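Residue numbers (this note's numbering), protein chains in the order written: chain A, -12 to 179; chain B, 499 to 712.
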């Protein structure tokens, strides 16, 4: 139990996917201009991460023990098609849920945060439940970072900022400061 | 004319359409591995190999790949090259491979590579596609190297592991930690913007002067 909690907090704060591992930066910088969109993107990403964790565990247990060199191709193909399948399923079953996060699903299937989650979970030898908890922590951490940046960006639109620094340059500097703040969590656990 | 176009495709990726500074693509590997110059070079070389190899294959087979499933085909081609690069690095430089860790397989998710296949290699003949890939990959390598060098010099007081300053240098450790990556790239982009604005102003001035003369 302690172990699961530690995995969750570690993925959520200490080793935040965006701010410590630089994964999923494209949506992080691209979509974070409004709070609502980024919250929805975060939700969709968390969902895909959970699917990924299950896929990665199944593949690792039943397929990749026999052919480790196919790891990368297997992960990509299986994750992309599962997400596509679930997208169709949601569209049929719940149009409201589809409107909330459907349009983001195809965008994030080949995102590096998703693939990174599968690879990290494999490298650390996580089991089924550990993988699920890890995905949950990483997804919520991603949402947290996205929402924080979106809030700061909405605020900055009302301020008088030199034209030169507007856009990506400023977003990166804001992200740097956020990342520095998140480094404070590194002391949260005494063991390494 | 033909000669000019080939050179144009090769050169544009290095500065004008630089994948990182001008198009802001491929950020994830860019920031994650540039905490030292040697890591940056290894990452740049691996990306170079993958980009040139997959551009070559995609443009050679561009008439055979069905349009509806082209993205999946591109990804499988890219993933194959990434697997080759991963195992080659593991065999040749195991220490470096360990340091780069999960970020070698993650080259496959680099939007720069998929972007070039979709926007260029799938629509142009092999020779141009390879030249374009070489140009873009060199631009990416250049960007990685400049970021890696800045961060290593400031954060560690060294370049390629060689000490640059005396004993009294106090390393600015934050630069090799994650926040340093964001901050350095932000400042570099700022300089790039500044340079571009100045150049545009200069060109406008020249045009205005010519008009008033004429």
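We put the CB at the ideal spot given by N, CA and C, even for glycine. Just so you know, these numbers come straight off a predicted model, no measurement behind them.
{"Item": "Closer than 9 Å between beta carbons: that is the criterion. Which residues of the segment 114 to 137 of chain A meet it against chain B?", "Value": "none"}
{"Item": "In whole angstroms, what is the alpha-carbon distance linking residue 614 of chain B and residue 695 of chain B?", "Value": "26 Å"}
{"Item": "Exposed or buried, what is residue 18 of chain A when buried is set at 16 or more other beta-carbons lying within 10 Å of its beta-carbon?", "Value": "buried"}
{"Item": "Name, going along the chain, the residues of the segment 566 to 578 of chain B whose beta-carbon falls closer than 8 Å to a beta-carbon of chain A.", "Value": "570, 573, 574, 577 and 578"}
{"Item": "Which stretch, first to last residue, makes up the alpha helix (DSSP H) that contains residue 566 of chain B?", "Value": "First-last for residue 566 of chain B: undefined, no H or E at that position."}
{"Item": "Quick test of your reading: residue 14 of chain A and residue 28 of chain A, contact by CB under 8 Å. State the CB separation rounded to the nearest angstrom.", "Value": "6 Å"}
{"Item": "Indicate whether at least one CB of chain A lies closer than 8 Å to the CB of residue 680 of chain B.", "Value": "yes"}
{"Item": "Nearest to residue 169 of chain A by CA position, among A/-9, A/-6 and A/3, is which residue?", "Value": "A/3"}
{"Item": "Is it true that the CB of residue 120 of chain A sits closer than 8 Å to the CB of residue 34 of chain A?", "Value": "no"}
{"Item": "Just verifying my parser: in three-state terms, what is the DSSP assignment at residue 544 of chain B?", "Value": "helix"}
{"Item": "Starting from the beta carbon of residue 170 of chain A, find every residue of chain B whose beta carbon is closer than 8 Å, and list them in chain order.", "Value": "675, 676 and 677"}
{"Item": "Can you find a CB in chain B that lies within less than 8 Å of the CB of residue -6 of chain A?", "Value": "no"}
{"Item": "Report yes if the CB atom of residue 159 of chain A is closer than 8 Å to the CB atom of residue 524 of chain B, and no otherwise.", "Value": "no"}
{"Item": "When the cut-off is 8 Å and only beta carbons count, does residue 525 of chain B lie next to chain A?", "Value": "yes"}
{"Item": "Just by C-beta distance, which residues in the segment 500 to 516 of chain B are closer than 9 Å to chain A?", "Value": "none"}
{"Item": "If you measure from the beta carbon of residue 166 of chain A to each beta carbon in chain B, is any gap under 8 Å?", "Value": "yes"}
{"Item": "Kindly indicate the opening and closing residues of the alpha helix (DSSP H) around residue 532 of chain B.", "Value": "Segment: none, residue 532 of chain B is in no alpha helix (DSSP H) and carries neither H nor E."}
{"Item": "For chain B, check one thing: does any of its Cβ atoms lie closer than 8 Å to the Cβ of residue 112 of chain A?", "Value": "no"}
{"Item": "Using a threshold of 8 Å, state whether the C-beta atoms of residue 651 of chain B and residue 643 of chain B are closer than that.", "Value": "no"}
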